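For what it's worth, my numbering labels the leading residue of the sequence shown as 1, then goes sequentially.
Built from N, CA and C at the ideal position, the CB exists for glycine as well.
Note that the coordinates shown come from a computational prediction; the quantities given were computed from them, not determined experimentally.
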Amino acid sequence: MINLTKDLTFKGYGRFPEFYLIKENFKDRIQELTTAYKTLGDLYLTKLGGDKKVTGSEKKELSNSIESILLYSLLLKKVDFSPNESAIRITKQNDYFYTTLQFPSDLTWEINGAMRPEYVIKAQNFRDIFNGSLSEKMKHFLGSLSQALADKQLSAEELATLSGSVDKIILELLELFIFVERVMVFH
Numbered sequence: 001m002i003n004l005t006k007d008l009t010f011k012g013y014g015r016f017p018e019f020y021l022i023k024e025n026f027k028d029r030i031q032e033l034t035t036a037y038k039t040l041g042d043l044y045l046t047k048l049g050g051d052k053k054v055t056g057s058e059k060k061e062l063s064n065s066i067e068s069i070l071l072y073s074l075l076l077k078k079v080d081f082s083p084n085e086s087a088i089r090i091t092k093q094n095d096y097f098y099t100t101l102q103f104p105s106d107l108t109w110e111i112n113g114a115m116r117p118e119y120v121i122k123a124q125n126f127r128d129i130f131n132g133s134l135s136e137k138m139k140h141f142l143g144s145l146s147q148a149l150a151d152k153q154l155s156a157e158e159l160a161t162l163s164g165s166v167d168k169i170i171l172e173l174l175e176l177f178i179f180v181e182r183v184m185v186f187h
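Structure below.
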């Protein structure tokens with residue numbers, strides 16, 4: 001799904017599962033997002049031992065799991081929070097880390113971006129990103145969603161807040177992906 005170069009530029013593309021593109025299947029998209037997130041958490045708990053090293057196959061499992069969460073985050077962005085936008089740019093830390101999301105058709109997505117050398121990954125290990133920043137962003141999104149849906153309607157302001165939360169999740173997932181692919185120690 002995502003190809004990462006040595007200079008930390010990345011590109012990816014894919015096709016959305018058609019069932020999840022139906023606007024009325026919002027609940028299913030949220031369920032798949034949370035399931036994928038829990039799966040990554042389970043992988044993290046079972047695959048990372050005390051030495052914080054993983055094998056190549058475990059690395060692949062972690063990367064695939066991150067990409068799965070990313071897929072459902074992109075679906076939410078495309079179908080629910082930014083349906084009329086064909087290109088979305090998300091940045092972090094003065095554009096040192098950025099991505100552009102594109103939706104060339106209703107069924108497809110593309111992502112590209114880079115983590116410039118000036119960008120510093122503050123986390124020292126997988127746990128710091130997963131339990132720290134990613135978990136925070138996921139909890140904030142789900143809490144905001146729950147609050148927004150309390151009245152059974154999403155206002156324009158609530159949609160903007162939720163869209164911004166998904167943007168942050170996408171960047172955290174990409175940072176975690178880069179961390180797994182380029183920083184973690186493998187044996």
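Check, Outcome
"Assigned exposure category for GLY214 - 16 Cβ within 10 Å defines buried", "The structure shown has nothing for residue 214, since the chain only spans 1 to 187."
"DSSP-derived helix/strand/coil call for GLU118", "coil"
"Residue from TYR37, LEU71, MET115, LYS6 with nearest C-alpha to GLU18", "LEU71"
"Where ASN25 sits in the DSSP three-state scheme", "helix"
"Inter-residue spacing [alpha-carbon to alpha-carbon] between LEU171 and ASN131", "15 Å"
"Three-state secondary structure assigned by DSSP to ALA123", "coil"
"Straight-line Cα distance separating TYR98 from ILE178", "13 Å"
"Straight-line Cα distance separating THR35 from GLY41", "10 Å"
"Reduced DSSP secondary structure (H/G/I, E/B, other) of LEU107", "coil"
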